[in-house]
Every structure is written in C-alpha cells, then in structure tokens.
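Q: In order, the protein sequence lines correspond to chains A and B. When the count follows the numbering used here, it moves up by one through the first sequence with no breaks and lands on 315 for the last residue. When the count follows the numbering used here, it moves up by one through the second sequence with no breaks and lands on 317 for the last residue. From the three backbone atoms N, C-alpha and C, an ideal C-beta is built for every residue, glycine too.
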Amino acid sequence: MSAIMECRVLSIQSHVVRGYVGNKSATFPLQVLGFEVDSINSVQFSNHTGYAHWKGQVLTAEELNVLYEGIKLNNVNHYDYILTGYSRDISFLETVVDIIKELKKANPSLVYVCDPVMGDQGAMYVPENLLPVYKNKVVPLADILTPNQFEAELLTGRKINTEEDAIEVMDLLHKMGPETVVLTSTDLPSKQGDQFLVALGSQKIKKPDGTNTDQKICMDIPKVDAVFVGTGDLFAAMMLAWTHHHPKDLKTACEKTVSVMHHVIKRTITYANEMAGPGKRPTPAQLELRMVQSKADIENPTIVVEAKVLQKSSQ
Amino acid sequence: PSPHPPSLTAMECRVLSIQSHVVRGYVGNKSASFPLQLLGFEVDSINSVQFSNHTGYSHWKGQVLTADELHVLYEGIKLNNVHHYDYVLTGYTRDTSFLEMVVDIVQELKRANPNLVYVCDPVLGDHGSMYVPQNLYPVYKNKVVPVADIITPNQFEAELLTGKNISTEKDAVEVMDLLHAMGPDTVVITSSDLPSRLGDRFLVSLGSQRHVRPDGSRTTQRVRLEVPKVDAVFVGTGDLFAAMLLAWTHHYPTDLKTACEKTFSVMHHVIQRTISYAHELAGPGRRPSPPQLELRMVQSKADIEDPAIVTEATVIS
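Structure below.
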C-alpha cells in the first residue's frame with residue numbers, strides 16, 4: 001500500500017464552468033495524485049476565451065484578500081505548495097505576492113510554482129504593465145518557473161537563438177529566484193526534425209557538502225497540429241506533482257510531466273477529430289482536454305519522451 | 001443485467017452542477033466534482049458562492065453569486081451552443097431568486113434534452129428546524145421538486161414538502177408516494193428517526209423508484225437500509241451522497257437497491273476514513289474540529305471508484 005501523502009496546494013487560477021483551463025485544468029489531476037487542493041478562483045467564466053463567446057465575473061484583489069483572511073482567521077493558512085498561472089490584473093497579482101510572502105513566513109519550506117503567463121510567439125497577451133510585477137515581485141518569490149521562450153526572453157531581456165543562449169537565460173532566471181526553471185517550448189531546431197520542438201530545464205541542487213551543482217536537461221517534444229488551451233496549466237500542475245516525487249531529479253520529473261501531456265493531448269486530438277468529422281478543423285469546444293478520460297495516464301504516465309542530460313557545471 | 005464496469009468504457013455523460021465552492025474543504029461542488037470525475041463524468045460546475053470554507057468553522061468569508069450573474073454564466077454556455085447536459089445537480093441554496101433562476105435553467109435544459117435527469121437535494125433543514133430562509137420552502141414545493149427526477153430529502157425535508165409526519169415505515173412509504181406524485185420518479189429519504197432493526201446505533205434510510213414497464217404499467221421498487229450512525233457532525237456528506245446517487249443510478253437506472261447500496265457504501269468508507277483521521281489529528285479524548293473533520297476525499301479515491309458493499313438494502317413492499 002502506498003503511503004498517504006499529506007501535501008496541501010493552494011492554487012489561485014481561473015475557473016470555467018465548462019472545460020479545462022486554470023483551476024479546472026490543475027485541480028483534478030493533482031487530486032488524482034493524492035494532493036489536497038485548496039483553490040481560489042480568480043474568475044468564473046462560462047468557458048475559456050478561445051470560444052466564440054464567453055461570459056462571467058472576475059474576482060477583485062480585495063475579494064481575494066477577503067478569502068485569504070477567512071483561511072487565516074481559521075488558522076489553516078498552511079500550505080506546502082502554491083500554484084499560480086494566468087492573471088490579467090496588476091493589483092490582483094500584487095495581492096497574490098503578499099499572500100505568498102505571508103504563507104512562506106508560515107511555512108519556510110513552501111514551494112511556489114509559477115507559470116509567468118505573459119504571451120507567446122513574440123507577442124504579449126496580457127497587459128504590458130504585468131511584466132515589471134512578474135520581473136520584480138513574482139519571479140523573485142518563485143521556486144519553480146515554467147516560462148515559454150518568449151516569457152523567458154521578456155523576463156531576462158535576452159534573446160534565445162541557440163541552446164547556449166537558453167542555458168544562459170535559465171541561469172539568469174535562477175539568479176532572479178527560482179531554483180527550478182523549465183522552458184516549456186522554444187523555436188530551437190530539434191535534432192529529430194521539424195515535427196518536434198525543444199524544451200529545456202535547469203535545476204540548482206545543493207550537494208550534501210554545501211556546494212551547488214545544477215542539472216540541465218533538454219527534450220524533443222512532438223509538435224501537435226492544433227491549438228490547445230489549458231495545456232500550460234496542466235503542465236505546471238504536473239511539474240508540481242512530479243518534482244514533489246522527484247525533488248532532485250529534474251530529468252525524471254520532466255519526463256513524467258511531458259509524457260502526461262503527450263497522453264492527454266493525443267487522446268484529446270483523436271476525440272476532437274472524431275467529433276469534427278473528416279477534413280474539418282475541430283472547434284474550441286471539441287478541443288477541450290480529455291481530462292477525466294486520461295485518469296490512468298495522469299496517475300501513472302508511461303514515459304514516451306526521454307530527457308537528455310546536458311553537460312553539468314559546478315560552481 | 002450488469003452494466004460495463006465504469007473503468008472500461010469512456011462514458012459521454014455531462015453533468016451541470018450548481019453548488020457552492022469553498023477554497024478549503026469538501027462541500028457543494030468541492031464535494032461533488034472530484035468523485036463524479038473519478039467515475040468518468042464530465043462535470044461542468046457553476047459556483048453559487050465562493051467562500052474560504054464552510055460555515056461550520058469559527059470564521060468564514062467570501063462572495064455570493066447573484067441570480068443575474070448565474071444567468072450571465074448560463075448565457076455564455078448557451079451562446080456557444082454547448083448547453084446540452086445529461087444531468088443537472090443542485091444542493092444547498094439560500095436565495096429565492098437564485099433558486100428560481102436555477103428552475104428556469106433546468107426547464108430550458110430539459111427542452112434541449114428531454115432525457116435530462118435533474119438530481120435535487122432539497123436542502124431545507126434537519127432535526128425539526130429549517131436552516132434556510134422560510135421563503136425557499138414554497139419555491140422548492142411548487143417549482144423545484146416538480147421538475148426534479150431524483151430527490152434526496154432527509155426526513156424533515158420530506159415531511160415539510162408533503163405536509164405529512166413520518167412515525168412509521170408505512171408513513172415513510174406514503175410520503176415517498178406523495179413525493180412521486182409531485183414529480184420525481186426516484187426518492188431517497190437519506191436519514192430518518194425510524195427505529196432500526198439493528199438497534200440504536202443505526203438509522204433508517206428509505207428509497208422508492210417508479211418505473212413504467214414496457215407494457216405501460218407502473219411499478220414501484222422500495223428499499224430500506226440500516227445505516228450505522230456516526231458520532232460526529234460532518235459537512236458535505238449530503239452533497240457527496242447526491243452526487244454518488246447520480247452516479248450509481250446512472251449505472252443502475254432500474255435497480256434502486258444496488259444504486260443505494262453502492263451510494264451508502266461509498267459514504268461509509270469516506271466517513272470511516274475521515275473519522276479515523278480526525279481522531280488521530282485531534283488526539284485522545286478530544287473532539288475533532290471542523291477543519292479536522294473535512295472529508296478525506298482524495299484519500300478515498302479507490303473506494304469512490306469501486307465501493308465494497310458494506311450495507312445491504314432490503315426490498316420492502
């Protein structure tokens with residue numbers, strides 16, 4: 001019998017009535033893996049904003065504070081992990097920062113997993129004034145960061161054209177705060193051809209003798225011919241889970257995370273194409289992640305991607 | 001006929017659950033969603049409130065959704081033409097206009113899918129007193145219960161809705177028949193004061209399900225269960241019960257005996273696990289606190305997926 005984990009996550013993300021983004025994307029998989037998930041819904045929308053229509057309400061920074069106060073008044077403001085993702089509001093993000101600082105005081109071992117969602121493919125899709133908040137306040141508190149290439153470049157002011165650039169950018173991000181950085185996708189050419197994208201990761205590890213070392217890895221990930229929403233949220237949640245089980249082994253944590261993504265995406269794309277019919281592009285509604293159907297893969301992902309360990313360097 | 005084990009077939013079954021959300025703990029949608037998802041249901045959830053935790057703690061804070069805001073969310077779903085559900089599930093509500101909006105939504109969803117099953121926990125009160133505003137009572141009686149297909153009242157709620165007291169099993173059967181006449185084909189009185197055959201450590205639950213046979217004639221299956229009492233106040237168990245009754249009546253649509261055995265058995269496993277853990281946390285001789293008594297939901301995954309039957313239902317005439 002496996003041991004019962006006592007691990008509590010506070011996840012502050014969007015809620016959609018239908019579909020899988022934000023907390024809807026993160027919660028079920030983490031619960032399936034035995035994590036207690038407390039969730040603050042930063043918005044409640046009918047569905048994600050990639051559909052033809054969407055409607056709903058947002059939580060203000062003040063309301064977020066009120067919810068946190070309730071938790072605190074009951075003296076249950078004790079968490080092992082915090083998880084955040086897509087945010088559009090500076091004052092909301094700043095309140096999140098205050099909450100994290102307080103939770104870290106309550107538990108110095110707390111791990112903050114942060115997806116610094118700002119944009120992709122060279123363009124920002126959140127208000128520009130979030131960048132300084134991420135750069136100066138959020139990322140310094142983060143322990144695990146999951147930027148894409150664009151976000152990593154934005155945060156460090158450095159472009160990534162080669163693998164060496166990517167390594168330098170990850171080292172710059174380490175200096176800003178997080179000990180674990182995963183570049184979830186890049187434009188770097190893959191050795192396996194143009195049907196693959198390159199992802200990289202870097203983790204600083206303290207050796208027993210007190211010196212630092214780091215593990216750097218890279219992975220070739222099959223591209224998919226579809227636009228998914230919510231995959232980044234699932235990725236960050238699964239990184240949380242698998243780094244929890246493999247805290248000093250980024251290679252394994254990433255292989256499991258990327259493999260889960262692969263299984264969920266494959267199942268989703270097969271189903272979406274079935275629903276759409278031959279020769280038709282699936283709709284956003286049809287492309288919703290097949291989350292509940294992927295339970296077995298989430299619990300115990302078969303490894304389908306191998307991460308390569310890059311030359312280690314010691315300091 | 002036994003159905004496919006839930007794990008082998010990808011069910012395409014979508015539930016709209018309109019219940020509370022708590023940041024911490026397991027009530028409302030937090031209590032219903034995970035178990036239903038584990039059992040393969042797609043769960044769309046509208047959070048009627050967002051509170052830090054349930055109101056049994058020393059403190060609670062948060063925000064409520066207005067009837068208008070509920071309507072706006074539903075409009076979003078409708079505009080995308082995805083307002084097609086197999087089930088609707090509702091529970092604890094405090095607001096009349098909110099409840100009336102829920103009824104409008106259920107009626108529209110039933111027009112979109114005439115096979116839709118509305119599972120309704122008519123939360124009004126317990127142990128002889130109401131714990132929602134009194135003016136919800138006529139809304140439940142005249143508008144909600146008539147559109148419900150499965151209801152899960154406790155004894156107090158069943159008596160309130162029918163105006164009839166339950167002192168004997170015969171009374172309970174009559175009350176369930178009265179409830180059938182109001183609308184729902186499936187009624188489960190989740191708990192009652194009736195004396196149990198197994199002694200005072202047990203409470204009695206009853207269920208009744210109406211079917212129409214292929215030849216058009218009507219039949220009613222009635223069951224009775226002796227359910228072990230627990231010496232603790234749980235919150236969220238009713239929400240879990242309604243969700244699991246949804247799941248198990250889905251798999252056993254004409255076999256209320258089995259659906260109830262599975263549902264009550266899941267409850268038993270979750271509650272036992274919770275109470276053991278709560279006592280461990282509280283320490284010897286101390287009463288566990290509300291946070292300590294939160295249902296051990298994620299830890300009960302295996303029991304939810306495949307509950308070992310611990311309680312047998314008796315078929316009564």
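(1) What are the residues of the region 38-49 of chain A that lie near chain B, defined by any Cβ-Cβ distance shorter than 9 Å?
(2) Taking any Cβ of chain A, which residues in the region 63-93 of chain B have a Cβ under 9 Å from it, in chain order?
(3) Would you mind telling me which residues of chain B sit closer than 7 Å to Trp54/A, beta carbon to beta carbon, in chain order?
(4) Between the Cα of Asp115/A and the Cα atoms of Leu130/A, Asn148/A, Asp89/A, Ala106/A, which residue gives the shortest distance?
(5) Count the other C-beta atoms from every protein chain shown that fall within 10 angstroms of the C-beta of Pro284/A, then say buried if there are 16 or more, exposed otherwise.
(6) Does any CB atom of chain A fall closer than 8 Å to the CB of Tyr57/B?
(7) Against chain A, does Lys286/B count as a neighbour if the rule is that its beta carbon must be under 8 Å from one of theirs?
(8) Compare the C-alpha of Ala67/B against each of Gln19/B, Leu109/B, Ser205/B, Ala112/B and name the closest.
(9) Suppose contacts are defined by Cβ-Cβ distances below 8 Å. Is Leu145/A in contact with Pro108/A by that definition?
(10) State the DSSP-derived secondary structure class of Pro146/B, mapped to helix, strand or coil.
(11) For the region 202-264 of chain A, which segments carrying the alpha helix (DSSP H) assignment without a break, of at least 4 residues, lie completely within its bounds, in sequence order?
(12) What are the residues in the region 65-88 of chain A lying within 8 Å of chain B by C-beta distance?
(13) Taking only three categories from DSSP, how would you classify Val82/B?
(14) Are any of the Cβ atoms in chain A nearer than 8 Å to that of Pro1/B?
(15) Within 8 Å of any Cβ in chain A, is that where the Cβ of Phe234/B sits?
(16) If you measure from the beta carbon of Trp60/B to each beta carbon in chain A, is any gap under 8 Å?
(17) Taking 8 Å as the CB-CB limit, is Asp121/B close to chain A?
(18) Output needed in chain order: residues of the region 3-19 of chain A with a Cβ under 7 Å from some Cβ in chain B.
(19) Straight-line CA distance for Phe98/B to Ser48/B?
(20) Taking 8 Å as the cut-off, does the region 178-194 of chain A touch the region 204-224 of chain A (at least 3 CB pairs, one atom from each stretch)?
(21) Can you give the Cα-Cα distance for Ser2/B and Lys78/B, rounded to whole angstroms?
(22) Let me confirm a value: Gly22/A is counted as buried when at least 16 other C-beta atoms fall within 10 Å, else exposed. Which label applies?
(23) In the DSSP assignment, what are the bridge partners of Arg281/A?
(24) How far does the beta strand (DSSP E) with Cys7/A in it extend, from its first residue to its last?
(25) Measure the beta-carbon distance from Tyr239/B to Gly56/B and round it to whole angstroms, keeping in mind my assumption that it falls under 8 Å.
(26) Between Glu159/B and Gly125/B, is the Cβ-Cβ spacing less than 8 Å?
(27) By the 9 Å beta-carbon criterion, what residues does the region 31-60 of chain B contribute toward chain A?
(28) Quick one: Cα of Met170/A to Cα of Lys101/A, how far?
(29) Can you give me the Cβ contacts of Leu8/B inside the same chain, cut-off strictly under 8 Å, excluding the 5 residues immediately before and after it?
(30) I'd like the span of the alpha helix (DSSP H) that includes Tyr252/B, first residue to last.
(31) Under 7 Å, CB to CB, which of the residues in the region 287-300 of chain B have a partner in chain A?
(32) Can you find a C-beta in chain A that's less than 8 Å from the C-beta of Ala308/B?
(33) Measuring alpha carbon to alpha carbon, tell me which of Tyr140/B, Val88/B, Asp177/B ends up nearest Gln319/B.
(34) Have a look at the DSSP bridge pairing and note the partners of Tyr74/B.
(35) Going along chain A in order, which residues have a C-beta closer than 9 Å to the C-beta of Asp21/B?
(36) Where Ser31/B and Thr213/A are concerned, what is the direct C-alpha to C-alpha distance, given to the nearest angstrom?
A: By the coordinates alone:
(1) Asp38, Ser39, Ile40, Asn41, Gln44, Phe45, Ser46, Asn47
(2) Gln63, Leu65, Glu69, Val72, Leu73, Tyr74, Glu75, Gly76, Ile77, Lys78, Leu79, Asn80, Asn81, Val82
(3) As a first step, residue 54/A must be located in the first sequence, where it is residue number 54. Per Cβ cutoff of 7 Å: Gly76.
(4) On the first sequence, residue 115/A is found 115 positions in, with the first residue counted as 1. Answer by Cα proximity: Asn148/A.
(5) On the first sequence, residue 284/A is found 284 positions in, with the first residue counted as 1. With 16 or more other Cβ atoms within 10 Å, it is buried.
(6) Residue 57/B sits at position 57 when you count from the first residue of the second sequence. Tyr57/B counts as touching chain A.
(7) To locate residue 286/B, count along the second sequence from 1; it is residue 286. What sits at residue 286/B in the sequence shown is Arg, not Lys. Chain A, which has no Cβ nearer than 8 Å to the Cβ of Arg286/B, makes this no.
(8) By one-based count along the second sequence, residue 67/B stands at place 67. The shortest C-alpha separation from Ala67/B is found at Gln19/B.
(9) By 1-based counting over the first sequence, the position of residue 145/A is 145. By 1-based counting over the first sequence, the position of residue 108/A is 108. No.
(10) Within the second sequence, residue 146/B is the residue found at index 146, counting from 1. Helix.
(11) 231-245
(12) Val66, Leu67, Tyr68, Glu69, Gly70, Ile71, Leu73, Asn74, Val76
(13) Residue numbering aside, residue 82/B sits at position 82 when the second sequence is read from its first letter. The answer is coil: DSSP assigns Val82/B none of H, G, I, E or B.
(14) Looking up residue 1/B in the second sequence gives position 1. Confidence at Pro1/B is low in this model, with a pLDDT of 42, below 50, so its placement is unreliable and the value that follows should be read with caution. Output row for Pro1/B: interface = no.
(15) For this step, residue 234/B is matched to residue 234 along the second sequence. No, Phe234/B lies away from the interface with chain A (no Cβ there is under 8 Å from its Cβ).
(16) As a position in the second sequence, residue 60/B is number 60, starting the count at 1. Cβ-Cβ to chain A under 8 Å: yes for Trp60/B.
(17) As a working mapping, residue 121/B is identified with position 121 in the second sequence. False, the Cβ-Cβ gap to chain A never drops below 8 Å.
(18) Ile4, His15, Val17, Arg18
(19) Working through the second sequence from its first residue, we reach residue 98/B at position 98. Working through the second sequence from its first residue, we reach residue 48/B at position 48. Near 9 Å, if we compare the C-alpha coordinates of Ser48/B and Phe98/B.
(20) yes
(21) Here residue 2/B is taken as the residue at index 2 of the second sequence, counted from 1. Here residue 78/B is taken as the residue at index 78 of the second sequence, counted from 1. For Ser2/B, the predicted model reports a pLDDT of 41, less than 50, meaning its position is unreliable and no value from the coordinates is stated.
(22) Taking the first residue of the first sequence as 1, we reach residue 22/A at position 22. It counts as buried.
(23) Your numbering for residue 281/A matches position 281 in the first sequence. The partner list for Arg281/A (beta bridge, DSSP) is empty, contrary to what the question assumes.
(24) The sequence position of residue 7/A within the first sequence is 7, counting from 1. No beta strand (DSSP E) contains Cys7/A, which DSSP labels as neither H nor E.
(25) Against the second sequence, residue 239/B aligns to sequence position 239. Against the second sequence, residue 56/B aligns to sequence position 56. At residue 239/B the sequence reads Asp, which differs from the Tyr that was named. Asp239/B to Gly56/B, Cβ: 13 Å. No contact.
(26) If you number the second sequence from 1, residue 159/B lands on position 159. If you number the second sequence from 1, residue 125/B lands on position 125. Cβ distance not < 8 Å, so Glu159/B and Gly125/B don't count as in contact.
(27) Ser33, Phe34, Leu36, Gln37, Leu38, Leu39, Gly40, Phe41, Glu42, Val43, Asp44, Ser45, Ile46, Asn47, Gln50, Phe51, Ser52, Asn53, Tyr57, Ser58, His59, Trp60
(28) By 1-based counting over the first sequence, the position of residue 170/A is 170. By 1-based counting over the first sequence, the position of residue 101/A is 101. So the two alpha carbons sit approximately 24 Å from each other.
(29) Taking the first residue of the second sequence as position 1, residue 8/B is located at position 8. In this prediction, Leu8/B scores a pLDDT of 45, lower than 50, which makes its location untrustworthy; no coordinate-derived value is stated.
(30) By one-based count along the second sequence, residue 252/B stands at place 252. Careful: Tyr252/B lies outside any alpha helix (DSSP H) and carries neither H nor E.
(31) Pro291, Val298, Gln299
(32) Translated into the one-based positions of the second sequence, residue 308/B becomes position 308. Taking Cβ atoms only, chain A never reaches closer than 8 Å to Ala308/B, which makes this a no.
(33) As displayed, chain B neither begins before 1 nor continues past 317, which places residue 319/B out of reach and without an answer.
(34) Reading the second sequence from its first residue, position 74 is the one you call residue 74/B. Beta-bridge pairing links Tyr74/B to no other residue.
(35) Here residue 21/B is taken as the residue at index 21 of the second sequence, counted from 1. Sequence check: residue 21/B is His here, not Asp. Near His21/B (Cβ distances below 9 Å), the residues of chain A are His15, Ser39, Asn41, Gln44.
(36) Your numbering for residue 31/B matches position 31 in the second sequence. Your numbering for residue 213/A matches position 213 in the first sequence. Each residue's alpha carbon lies about 44 Å from the other.
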